[in-house]
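Below is one structure; the comments refer to it alone.
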Amino acid sequence: MPCLLQPSRVARQSACGHTWCRACLTQYFLSAVESRCFPLRCLGDEAKCTELMPPSLAHRILQLNEFSVLAKAALAAYVHTHPEELHYCPSPDCLQIYRTAPKGTFVLCPCLHRICQSCHAEAHDGFACKDCNNTDKLFSQWAELNDVKKCPGCRIPIERGEGCHHVTCIQCRTHFCWVCLKTFPKGEGIYLHMRVQHGGIGLE
Numbered sequence: 001m002p003c004l005l006q007p008s009r010v011a012r013q014s015a016c017g018h019t020w021c022r023a024c025l026t027q028y029f030l031s032a033v034e035s036r037c038f039p040l041r042c043l044g045d046e047a048k049c050t051e052l053m054p055p056s057l058a059h060r061i062l063q064l065n066e067f068s069v070l071a072k073a074a075l076a077a078y079v080h081t082h083p084e085e086l087h088y089c090p091s092p093d094c095l096q097i098y099r100t101a102p103k104g105t106f107v108l109c110p111c112l113h114r115i116c117q118s119c120h121a122e123a124h125d126g127f128a129c130k131d132c133n134n135t136d137k138l139f140s141q142w143a144e145l146n147d148v149k150k151c152p153g154c155r156i157p158i159e160r161g162e163g164c165h166h167v168t169c170i171q172c173r174t175h176f177c178w179v180c181l182k183t184f185p186k187g188e189g190i191y192l193h194m195r196v197q198h199g200g201i202g203l204e
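For the sequence shown, UniProt numbering begins at 1 and goes up steadily by one.
This is the structure we're talking about:
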């Protein structure tokens, strides 16, 4: 019982039997929102336990708004790590998620953006995905001239301007290096990476 305080404040992780105080579990769940460390696993046996934390446990302990934020963060992390299955709508202000599908299949997003579920570009009726490469090349040229890059997590265009090379996507919350687009799921190690690989963090 790593942090047993009072019987009334104990929450049991039923699948593996480890017992934690509510305060520590609450802190663990909330910190996961910032660190993007998903899926959530029990930290029993000095973090050697691999049992998944059931969503019902978080729902029982957290406030409703806190649980909602945690659920959205967990979903974003899942989308980020399963690009072969799910994608975000490419519209910058849209958070809608759609499933990938065979070539020639399109989806109409609630934001009214029609998307190819295969190449994830704007719907191109009557044209193969490969025939849309010219449009992608033109965008790539424009993006390079205007210091615009696509988030390596959800692929929305991002314009950084000036400042630190550590960028956090406002849509999927992916932490990444602006120079090489390497991602850092927890945001940890990115500054060391930038100094070692790129000679600085962009503020020098």
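Where is the CB? At the ideal position from N, CA and C, for every residue including glycine.
Small disclaimer: the values here were computed from a predicted structure and weren't measured.
- According to the DSSP secondary-structure assignment, E188 is paired through a beta bridge with no residue.
- With contacts defined by Cβ atoms closer than 8 Å, G187 and M194 do not form a contacting pair.
- In the three-state reduction of the DSSP assignment, F139 falls in the helix class, which pools H, G and I.
- Going by DSSP, R114 is part of no alpha helix (DSSP H) but of the beta strand (DSSP E) stretching over R114 to C116.
- Inside the segment 44-83, DSSP marks whole alpha helix (DSSP H) runs of 4 or more residues at positions 44-47, 55-61 and 64-81, from first to last along the chain.
- According to the DSSP assignment, H166 belongs to the beta strand (DSSP E) that extends over H166 to T168.
- For V196, the three-state secondary structure derived from DSSP is helix.
- L62 sits close to L70, with the two beta carbons spaced by under 8 Å.
- When DSSP reads this structure, F38 sits in no beta bridge, so it has no partner.
- Residue burial annotation: W142 is exposed, with fewer than 16 other C-beta atoms found within 10 angstroms of its C-beta.
- For P83, the closest of H165, G202 and C154 by C-alpha to C-alpha distance is C154.
- Leaving aside the five residues that flank C94 on each side, the residues in its chain whose CB is nearer than 6 Å to its CB run, in chain order, C111.
- When beta bridges are read from the DSSP output, H175 appears opposite T168.
- Under the three-state reduction of DSSP, K150 is assigned to strand.
- Going by C-alpha positions, I97 is about 15 Å away from R173.
- As the crow flies, the alpha-carbon of E34 is around 43 Å from that of G126.
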